[in-house]
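First the structure, in the form of structure tokens, and then the observations on it.
Residue numbers (my numbering): 20 to 200.
This is the structure we're talking about:
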């Protein structure tokens, strides 16, 4: 079992809104989380990446859920936060290819771009040029054929050496420049 540097995230309405890597954590809490994750994923078996979610408090680590696939909160890895994105790690594992040591390369953050109305037509995006001109950032559009309120349509990514709190704010600002119609 290999572990990526921890990823933090925030939810609204039960859905991912932003994530960041690394998630600053107490060493003891991180070790507890990794031990629990290993026990659960070893017992389930299979090949590929597992998104294992925990609630972390000052005094304890609580298992929340897991997904047997790349997880939306891990999209932050598409910004080059680690040497292999969660998608590349999943493909390597499923195909039986080697996975060298997973290393943190940059701090990073992601923020979702949400639709605000229902449309059965192909969504149109505005504000892309402004959002994509920011340095040390990227944008991934999901290509969904329709929209509805609060549907995740894209993700804004930021990365660099700044602390993750600043990167989260930058990602949210970039996401806010984009509208879906």
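Note that the Cβ used here is the ideal one computed from N, Cα and C, for glycine as well.
Whole-angstrom C-beta distance between residue j and residue i, which should lie under 8 Å
i           : j           : result
residue 13  : residue 200 : Not covered by the structure: residue 13. The range shown for the chain is 20 to 200.
residue 241 : residue 42  : The question about residue 241 has no answer, for the chain in this structure spans 20 to 200.
residue 100 : residue 40  : 4 Å
residue 134 : residue 166 : 4 Å
Residue i (DSSP reduced to helix, strand or coil)
i           : result
residue 62  : helix
residue 109 : helix
residue 53  : helix
residue 78  : coil
residue 97  : helix
residue 166 : strand
residue 195 : helix
residue 190 : helix
residue 221 : Residue 221 lies beyond the range of the chain shown here (20 to 200); nothing can be said about it.
Option nearest residue i by Cα separation, candidates the options
i           : options               : result
residue 85  : 118, 57 and 37        : 57
residue 123 : 191, 59 and 178       : 178
residue 173 : 40, 22, 79 and 197    : 197
residue 46  : 127, 24, 140 and 180  : 24
residue 147 : 155, 139, 132 and 136 : 132
residue 141 : 164, 64, 55 and 61    : 164
residue 91  : 102, 110 and 71       : 71
Same chain, Cβ closer than 8 Å to residue i, neighbours up to 5 away in sequence not counted
i           : result
residue 32  : 169
residue 94  : 38, 105, 129, 159, 174 and 176
residue 126 : 39, 40, 41, 100, 178, 179, 180, 181, 182, 183 and 186
residue 121 : 21, 22, 23, 24, 101, 102, 103 and 108
Beta-carbon proximity list for residue i, same chain, < 6 Å, skipping 5 on both sides
i           : result
residue 113 : 66 and 67
residue 51  : 80
Classification of residue i by the beta-carbon crowding that lies within 10 angstroms, buried from 16 upward
i           : result
residue 81  : exposed
residue 21  : exposed
residue 9   : The structure shown has nothing for residue 9, since the chain only spans 20 to 200.
residue 76  : exposed
residue 143 : exposed
residue 59  : exposed
residue 83  : exposed
residue 136 : exposed
Own chain residues within Cβ distance below 7 Å of residue i, not counting five before or after
i           : result
residue 191 : 37 and 130
residue 74  : 81 and 83
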